[in-house]
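Quick note on numbering that gives the first Met the number 0: the sequence shown kicks off at 0 and runs consecutively. Just so it is clear, CB atoms sit at the ideal spot from N, CA and C, and this is done for glycine as well. The structure displayed is predicted, hence computed values, not measured ones.
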Amino acid sequence: MIKVTDLLTRQEVIVDDSKKKITDFSNKNGLIYYSAPEANTEVEHWVDYKVNGHVDDVEEKLSTYNNAVRLAYAKVVNFAASENDPDGEIWNGVVEYVKHNQEKFFDENGDWKDNTTVGINVKDFLN
Numbered sequence: 000m001i002k003v004t005d006l007l008t009r010q011e012v013i014v015d016d017s018k019k020k021i022t023d024f025s026n027k028n029g030l031i032y033y034s035a036p037e038a039n040t041e042v043e044h045w046v047d048y049k050v051n052g053h054v055d056d057v058e059e060k061l062s063t064y065n066n067a068v069r070l071a072y073a074k075v076v077n078f079a080a081s082e083n084d085p086d087g088e089i090w091n092g093v094v095e096y097v098k099h100n101q102e103k104f105f106d107e108n109g110d111w112k113d114n115t116t117v118g119i120n121v122k123d124f125l126n
């Protein structure tokens with residue numbers, strides 16, 4: 000459990016950081032954005048907050064919400080990874096492809112390039 004400032008309400012709240020998810024990051028600005036459930040509430044309420052830091056691990060970068068690579072993967076598995084990629088074979092191929100082609104996806108700071116969707120060919124992930 001950690002105390003954070005909710006980006007929406009600007010109130011200090013305690014969240015269960017063991018369940019946090021990266022929503023975005025900016026290595027250039029040294030910020031990581033997370034969402035985590037507020038602790039000790041009857042109804043699970045997720046809080047968005049930011050911390051200082053950098054994301055260097057490719058798999059961690061791929062876990063961020065709304066990135067083009069994750070969306071391309073979701074389309075390949077018809078938005079049903081548990082059914083259409085139960086062993087994670089396709090996902091592992093995506094991770095390996097991005098690891099070996101980081102210059103296509105990330106800028107000099109390690110942030111997502113603005114034009115990440117340009118040149119993404121889903122078939123590249125399946126080889």
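query, result
"Coil, strand or helix - Ala-38 by DSSP", "coil"
"Enclosing beta strand (DSSP E) for Ser-62 [first to last residue]", "From DSSP, Ser-62 is part of no beta strand (DSSP E); its letter is neither H nor E."
"For Gly-52 and Val-68, the rounded distance between their alpha carbons", "22 Å"
"First through last residue of the beta strand (DSSP E) which encompasses Lys-2", "1 to 4"
"Asn-28 classed as buried or exposed, judged by whether at least 16 other C-beta atoms fall within 10 angstroms", "exposed"
"Cutoff 6 Å; reference Lys-49; Cβ partners in own chain excluding five residues on either side", "Leu-30 and Tyr-32"
"CB of Ala-35 within 8 Å of CB of Lys-60, strictly", "no"
"Classification of Asn-65 by the beta-carbon crowding that lies within 10 angstroms, buried from 16 upward", "exposed"
"Residues that DSSP places opposite Val-93 in a beta bridge", "DSSP lists no partner for Val-93."
"Which of helix, strand or coil DSSP assigns to Asn-51", "strand"
"Val-3 vs Phe-24 beta-carbon contact at 8 Å", "no"
"Per-residue DSSP class, three states only, for Leu-7", "coil"
"Supposed contact pair Asn-100 and Asn-26 - C-beta distance, whole angstroms, cut 8 Å", "Actually they are not in contact, since the Cβ atoms of Asn-26 and Asn-100 sit about 18 Å apart, beyond 8 Å."
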